[in-house]
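Structure first, commentary second.
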Amino acid sequence: MFDIRKMQEQVIYQAVKDKSNEDVAKAIVFGSDKQVKTEDNPTWVKVTMERLENQFDQGGVLQIRRNCQCGYGMDEKLALVKELVAASASLEEFGNQDRANAAGLYSDNGELYLQFPFCPCPMLEGVDRLETDTWCQCTTGYSQVLFEKAFQCQVEVELLKSIKMGDDKCLMKIIPQKNIWK
Numbered sequence: 005m006f007d008i009r010k011m012q013e014q015v016i017y018q019a020v021k022d023k024s025n026e027d028v029a030k031a032i033v034f035g036s037d038k039q040v041k042t043e044d045n046p047t048w049v050k051v052t053m054e055r056l057e058n059q060f061d062q063g064g065v066l067q068i069r070r071n072c073q074c075g076y077g078m079d080e081k082l083a084l085v086k087e088l089v090a091a092s093a094s095l096e097e098f099g100n101q102d103r104a105n106a107a108g109l110y111s112d113n114g115e116l117y118l119q120f121p122f123c124p125c126p127m128l129e130g131v132d133r134l135e136t137d138t139w140c141q142c143t144t145g146y147s148q149v150l151f152e153k154a155f156q157c158q159v160e161v162e163l164l165k166s167i168k169m170g171d172d173k174c175l176m177k178i179i180p181q182k183n184i185w186k
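The numbers in the numbering used here rise by one with no breaks, and the one at position 144 of the sequence shown is 148.
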């Protein structure tokens, strides 16, 4: 059986280790008292993000969390986005296709957005509310990888709203760094 918690522990551990060292990674993922084994997922998410925020500045936290994206379902999503790119002649056309809208994509005033009417993260299933958007930044990393592969250019992704932060939806702005359609 697939263990999402174990996978998250490994991904966060590696991202923190890459930014600092093994001792810091262990302290953030497992805590100093090794209590992690008895914490439920919602508690583990909250305390792990708190330890991360206490160890690194905001830029470091963002870099680490964006490197924690799991890649789940990436191939199918990438195939869809590539099909949408091929079927359009502009960002507006891309974001206004029915299949794009069904996937949560839309274009508004020449800008591209991705939204979800629910939190797609299985680790946040039992979390009522997060105090910060730190955990949610993994989805900006996921979206960045997805759209950079599909658009074949650098892409910035900005998290604008998060359901777990009390918003009505999860919303990201997708900002390609060059014109995809020539």
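Ideal placement from N, C-alpha and C gives every residue a C-beta, glycine not left out.
Here the structure is a predicted model, which means the values were calculated and not measured.
Would you report the Cα separation of residue i and residue j, rounded to the nearest angstrom?
| i | j | result |
| --- | --- | --- |
| Ser92 | Phe98 | 5 Å |
| Val15 | Asp27 | 15 Å |
| Val20 | Ala29 | 5 Å |
| Glu43 | Phe120 | 28 Å |
| Leu175 | Lys23 | 27 Å |
| Ala83 | Val89 | 10 Å |
| Leu163 | Ser36 | 31 Å |
| Phe60 | Gln67 | 10 Å |
| Val85 | Met78 | 10 Å |
| Gln155 | Glu96 | Rather than Gln, the amino acid found at residue 155 in this sequence is Phe. Using only the alpha carbons, I get a separation of about 14 Å. |
| Glu57 | Ala31 | 12 Å |
| Asp102 | Glu13 | 37 Å |
| Gly114 | Gly63 | 28 Å |
| Asn25 | Met11 | 19 Å |
| Val149 | Val161 | 10 Å |
| Glu80 | Pro180 | 21 Å |
So residue i and residue j are in contact, right, with Cβ under 8 Å, and what is the actual spacing, rounded?
| i | j | result |
| --- | --- | --- |
| Gly145 | Arg70 | 3 Å |
| Lys168 | Leu134 | 5 Å |
Could you check which residue in the options has the C-alpha nearest to that of residue i?
| i | options | result |
| --- | --- | --- |
| Val33 | Val51, Ser24 and Pro46 | Val51 |
| Leu116 | Asn58, Gly75 and Val159 | Val159 |
| Val65 | Thr136, Gln148, Glu152 and Lys10 | Thr136 |
| Lys2 | Phe122, Val149, Gln181 and Gln156 | Because the chain spans 5 through 186 in this model, residue 2 falls outside it and cannot be assessed. |
| Ile178 | Ser147, Ala31 and Trp185 | Ser147 |
| Ile8 | Trp185, Tyr76 and Arg55 | Tyr76 |
| Phe151 | Glu87, Ile167 and Arg133 | Glu87 |
| Lys173 | Ser94, Pro124 and Leu95 | Pro124 |
Starting from the C-beta of residue i, find all residues in its chain whose C-beta is less than 6 Å away, skip the five residues before and the five after it, and write them out in chain order.
| i | result |
| --- | --- |
| Cys142 | Arg69, Cys72 and Gln73 |
| Tyr139 | The residue you asked about is not Tyr; residue 139 is Trp in the sequence shown. Once the five neighbours on either side are set aside, the close Cβ partners of Trp139 are Val49 and Met53. |
| Asn100 | Ser111 |
| Lys4 | The structure shown has nothing for residue 4, since the chain only spans 5 to 186. |
| Pro46 | Gly130 and Val131 |
| Ile184 | Phe155 |
| Ser94 | Trp185 |
Excluding five sequence neighbours on each side, which residues of the same chain lie with their C-beta closer than 7 Å to the C-beta of residue i?
| i | result |
| --- | --- |
| Met5 | Unreliable positioning characterises Met5 in this predicted model, as indicated by a pLDDT of 45, which lies under 50. A coordinate reading is not provided. |
| Lys182 | Cys157 |
| Tyr17 | Ala29 and Val33 |
| Leu118 | Gly108, Leu109, Ser147, Met176 and Ile178 |
Between residue i and the ligand SAH, is there a pair consisting of the residue's CB and a ligand heavy atom that are separated by less than 7 Å?
| i | result |
| --- | --- |
| Asp102 | By its list of ligands, the structure shown contains no ligand whatsoever, and the ligand SAH lies outside what it can speak to. |
Whose C-beta lies closer than 8 Å to the C-beta of residue i among residues of the same chain, with five residues either side of it excluded?
| i | result |
| --- | --- |
| Arg55 | Ala31, Ile32 and Gly35 |
Subject >> At least three beta-carbon pairs within less than 8 Å, the region 129 to 136 to the region 105 to 116 >> reply: Output reads no: the region 105 to 116 does not touch the region 129 to 136.
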